[in-house]
Amino acid sequence: MLLSRSLLTSLSFFTIFACWSPNLSAAPRAELWSYWQNHNATSGRRIDHTRWGLFLGRYLDTMHPSGIYRLKYAAVTEQDKALLGEYLTDLATVQVSQLNRPEQLAFWVNLYNALTVQVVLDHFPVSSIRAIDISPGLFRRGPWDAKLMRVEGRHLSLNDIEHRILRPVWQDSRLHYVLNCASLGCPNLPPLPVSASNSEQLLEQSARHFINHARGVSFTAGGLTLSSIYDWYEEDFGNSRADLMKHLQSYARPKLANKLKNYRGGIAYRYDWQLNAP
Numbered sequence: 006m007l008l009s010r011s012l013l014t015s016l017s018f019f020t021i022f023a024c025w026s027p028n029l030s031a032a033p034r035a036e037l038w039s040y041w042q043n044h045n046a047t048s049g050r051r052i053d054h055t056r057w058g059l060f061l062g063r064y065l066d067t068m069h070p071s072g073i074y075r076l077k078y079a080a081v082t083e084q085d086k087a088l089l090g091e092y093l094t095d096l097a098t099v100q101v102s103q104l105n106r107p108e109q110l111a112f113w114v115n116l117y118n119a120l121t122v123q124v125v126l127d128h129f130p131v132s133s134i135r136a137i138d139i140s141p142g143l144f145r146r147g148p149w150d151a152k153l154m155r156v157e158g159r160h161l162s163l164n165d166i167e168h169r170i171l172r173p174v175w176q177d178s179r180l181h182y183v184l185n186c187a188s189l190g191c192p193n194l195p196p197l198p199v200s201a202s203n204s205e206q207l208l209e210q211s212a213r214h215f216i217n218h219a220r221g222v223s224f225t226a227g228g229l230t231l232s233s234i235y236d237w238y239e240e241d242f243g244n245s246r247a248d249l250m251k252h253l254q255s256y257a258r259p260k261l262a263n264k265l266k267n268y269r270g271g272i273a274y275r276y277d278w279q280l281n282a283p
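Residues 6 to 283 in our numbering are what the sequence shown lists, from first letter to last.
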């Protein structure tokens, strides 16, 4: 049977789309931008994240019965939108390469989270951050590849901050637990700004909370289900099942840790992209 030219064209497009579709939600690999390795170990400068803390205190609901923190986007006043914008504008003037490493870590994590919230507010109401389709390219979804800000003369996207700065420079899998993508499936948005003095505590607490919540790790009649984070960023958790299980066990409560230790079955992955709104 001969196919028409138009049908062949349609099938060719579908084939290309099908090949690309699985990668639409795949995470970029860590790829170091060497410039951002620069730092000043002797610097005593501290960046003021007070305004971000005020914003979180007013709009982050940490008492939701689901255990998933919710951001009250609809309640944010124009005054506080401006406050958030001023905070981000000031961060853009910081010479990050002249900070010490702990201050740099706090800078980048707070910037990522605050910038994500601003993007959602700029496009609210939306049901999912993936509906904010401002990234360049036909097969891109969401806002992550849009250049949203300039720091030290370099245009940066959310993906740049996470995958070209934070992940390759610090090489700490716990960073995934403090970076929030405004979704129910994501680890909770830290309830206070990350700082040089509290970063270790927040990294540990955030890892423990996520792993002991059903959206991170859960057992059902069908077996073990993990957050897709552990699939997308497999290389950050040791790049083997044994390493991942060891990581999960180190933060799991005793009962869950014992189940993980003795589990030999298959693993399913899931992620809820619904907006982390009330």
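Backbone N, C-alpha and C define an ideal beta-carbon position, used for all residues, glycine too. Predicted model, so just to flag it, every value in this text is computed and none were measured.
Return the CA-CA distance between residue i and residue j, expressed in angstroms with no decimal places.
{"i": "Arg59", "j": "His160", "result": "For the sequence presented, residue 59 should be read as Leu rather than Arg. In a straight line, the C-alpha of Leu59 is about 27 Å away from that of His160."}
{"i": "Ser132", "j": "Lys152", "result": "22 Å"}
{"i": "Arg155", "j": "Ile272", "result": "40 Å"}
{"i": "Glu83", "j": "Arg75", "result": "19 Å"}
{"i": "Arg258", "j": "Pro141", "result": "42 Å"}
{"i": "Gln176", "j": "Ser204", "result": "15 Å"}
{"i": "His44", "j": "Ile170", "result": "12 Å"}
{"i": "Gln254", "j": "Asp248", "result": "10 Å"}
{"i": "Pro70", "j": "Ala87", "result": "30 Å"}
{"i": "Asp127", "j": "Tyr235", "result": "30 Å"}
{"i": "Asp150", "j": "Thr225", "result": "36 Å"}
Output needed for residue i: all residues of its chain with C-beta closer than 8 Å, excluding positions within five of it in sequence on either side, in chain order.
{"i": "Phe112", "result": "Ile52, Leu96, Val99, Val101 and Leu104"}
{"i": "Leu280", "result": "Tyr78, Val125, Val131, Ser132, Ser133, Ile134, Ala187, Ser188 and Leu189"}
{"i": "Asp66", "result": "Tyr74, Arg75, Leu76, Lys77 and Pro283"}
{"i": "Ala23", "result": "Residue placement at Ala23 is poorly supported in this model, since its pLDDT is 31, which falls under 50; the coordinates are not used for a value here."}
So the alpha helix (DSSP H) residue i belongs to, where does it begin and stop?
{"i": "Gly62", "result": "Thr55 to Tyr64"}
{"i": "Tyr117", "result": "Arg106 to His128"}
{"i": "Thr82", "result": "From DSSP, Thr82 is part of no alpha helix (DSSP H); its letter is neither H nor E."}
Only counting the same chain, and skipping five residues up and downstream in sequence, which positions put a Cβ closer than 7 Å to that of residue i?
{"i": "Pro33", "result": "Asn164 and His168"}
{"i": "Leu120", "result": "Leu93, Leu153, Met154 and Leu163"}
{"i": "Tyr64", "result": "Leu76, Lys77, Ala80 and Val81"}
{"i": "Lys264", "result": "Phe224"}
{"i": "Ala262", "result": "Gln254"}
Leaving out the 5 sequence neighbours to the left and right, which residues in its chain are closer than 6 Å to residue i when beta-carbon positions are compared?
{"i": "Ala212", "result": "Arg179, Tyr182 and Tyr256"}
{"i": "Thr14", "result": "For Thr14, the predicted structure reports a pLDDT of 36, less than 50, and the residue's modelled location is therefore unreliable. A value from the coordinates is still provided. Taken in chain order, the list of residues that qualify is empty."}
{"i": "Asn244", "result": "none"}
{"i": "Asn115", "result": "His54, Trp57, Pro198 and Val199"}
{"i": "Asp241", "result": "Ser178"}
{"i": "Trp237", "result": "Ala32"}
Would you give the residue range spanned by the beta strand (DSSP E) that residue i belongs to?
{"i": "Tyr274", "result": "Ile272 to Arg275"}
{"i": "Val156", "result": "Met154 to Val156"}
For this session: Tell me the start and end of each unbroken beta strand (DSSP E) in the stretch 162-208 that is at least 3 residues and wholly inside, in chain order.
Result: If only complete runs of 3 or more residues are kept, the stretch 162-208 shows no beta strand (DSSP E) anywhere.
For this session: Write down every uninterrupted run of the beta strand (DSSP E) in the stretch 218-260 whose length is 3 residues or greater and which is fully enclosed by it, in chain order.
Result: Taking only runs of at least 3 residues, the beta strand (DSSP E) segments lying wholly in the stretch 218-260 are 222-225 and 228-232.
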